[in-house]
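Participant:
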Amino acid sequence: MDRSQTAARLLQSSAAHSYDPDVEIDWDAPLVPGRWFVPQHRSSLHGTPLWDGLSPEQRLTLTKHEVASIAGLGVWFETILMQLLIREYYKQDPTTAHAQYALTEVADECRHSVMFGRMIAKLDCPVYRVGPFDQRLGTFIAATATGPRMYAAILIAEEILDALQREAAADESVQPLVRMVSRIHVIEEARHVRYAREELARQVRAAGRRRLGYDRLIIARAAYLTGRRLIAPGVYASVGIDPQTGARAARSNPGHRETLRWAGAKVVAYLRELDLIGGPGLVLWRRSGLLGDQ
1 MDRSQTAARL LQSSAAHSYD PDVEIDWDAP LVPGRWFVPQ HRSSLHGTPL
51 WDGLSPEQRL TLTKHEVASI AGLGVWFETI LMQLLIREYY KQDPTTAHAQ
101 YALTEVADEC RHSVMFGRMI AKLDCPVYRV GPFDQRLGTF IAATATGPRM
151 YAAILIAEEI LDALQREAAA DESVQPLVRM VSRIHVIEEA RHVRYAREEL
201 ARQVRAAGRR RLGYDRLIIA RAAYLTGRRL IAPGVYASVG IDPQTGARAA
251 RSNPGHRETL RWAGAKVVAY LRELDLIGGP GLVLWRRSGL LGDQ
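With UniProt numbering applied, the sequence shown corresponds to residues 1 to 294, in that order.
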């Protein structure tokens with residue numbers, strides 16, 4: 001479909017199906033005792049000896065910090081995305097539907113970042129941030145990324161969060177607050193994913209072979225960051241586990257490895273279809289845990 005037609009349809013959908021978290025979520029409601037913050041089987045340590053050694057309350061606490069970590073990474077990616085979209089908008093004709101949808105998506109992401117921030121505060125968790133190298137990389141990407149690497153990096157983060165949140169939104173064992181945050185994000189991100197998928201395909205068709213070789217490497221680094229930092233090592237300290245010990249246990253945990261593969265399956269398949277996975281960056285993809293063939 002022509003990009004202007006896609007944008008026009010997404011603008012109509014945005015007008016009909018956009019949500020204000022300040023109104024839709026009861027932020028004053030207490031958390032429900034005994035409810036998980038991510039589905040129990042999605043906890044990064046579930047099924048490991050470290051998990052077996054935790055009390056029921058500690059297991060709940062761990063999932064609380066895990067969802068805070070996921071939300072923190074989501075805010076980081078969304079902040080970069082908003083800068084990318086504003087840069088793209090700056091070059092466009094503001095009367096076109098394509099340009100107007102870019103601004104509409106920025107507005108969505110502003111609300112999402114506020115919503116994630118409020119949820120982290122409500123959970124009384126720290127903001128789990130990426131390390132200094134990735135902070136610098138994020139600043140560089142926000143200021144320079146264009147074309148396939150821009151839209152592919154967006155898709156990796158959006159589609160992985162989408163998979164995790166769709167499951168959480170439907171799971172009655174999960175906290176109502178987390179379910180509602182997930183539901184709002186899933187509904188609105190569906191538009192963003194479609195926009196990014198279609199634009200990525202167009203950008204790949206327009207890019208030259210040399211350009212795509214560089215883009216594959218940047219995309220692979222985004223995948224590595226997402227897989228490795230979705231659950232920040234610091235979450236394990238919340239239940240008395242050394243962060244590096246917890247991170248190693250999670251990386252070797254078959255259950256967590258399956259979660260990463262499952263969450264990344266759709267975006268991995270699409271990027272492979274566009275020939276955006278391969279070359280020197282393949283080692284980063286394999287270390288990310290997102291590939292199903294590792």
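Cβ atoms here follow ideal geometry from the backbone N, Cα and C, with glycine treated the same way.
Comparing alpha-carbon positions, which option in TYR90, HIS256, GLY281 lies nearest GLY47?
Facilitator: The option with the nearest alpha carbon to GLY47 is HIS256.
Participant: For ILE219, is the classification buried or exposed, using 16 other Cβ atoms within 10 angstroms of its Cβ as the cut-off for buried?
Facilitator: So ILE219 ends up on the buried side.
Participant: Indicate the three-state DSSP secondary structure (helix, strand or coil) for TRP36 in the structure shown.
Facilitator: strand
Participant: Measure the Cβ-Cβ separation of ILE80 and ILE25 and say whether it is below 9 Å.
Facilitator: no
Participant: Output the distance between the C-alpha atoms of ASP52 and TRP262, rounded to the nearest integer angstrom.
Facilitator: 24 Å
Participant: In the DSSP assignment, what residue or residues form a beta bridge with VAL268?
Facilitator: VAL268 is not bridged to any residue.
Participant: Would TYR89 pass as a contact of VAL106 if the rule is Cβ separation under 9 Å?
Facilitator: yes
Participant: Which parts of the segment 52–79 are runs of the alpha helix (DSSP H), unbroken and 4 residues or longer, counting only runs that do not cross its ends?
Facilitator: none
Participant: The alpha helix (DSSP H) that contains PRO126, what's its start and end?
Facilitator: Boundaries for PRO126: no alpha helix (DSSP H) harbours it, and the DSSP string shows neither H nor E there.
Participant: Starting from TYR195, trace the alpha helix (DSSP H) both ways and give me its first and last residue.
Facilitator: Counted as a single uninterrupted DSSP element, the alpha helix (DSSP H) harbouring TYR195 occupies residues 176–206.
Participant: Using 9 Å as the threshold, is the C-beta distance between TRP27 and ARG118 below it?
Facilitator: yes
Participant: Rank ARG59, VAL193, ALA29 by C-alpha distance to the C-alpha of residue 333 and give the top, closest one.
Facilitator: Since the first and last residues shown for the chain are 1 and 294, residue 333 lies out of range.
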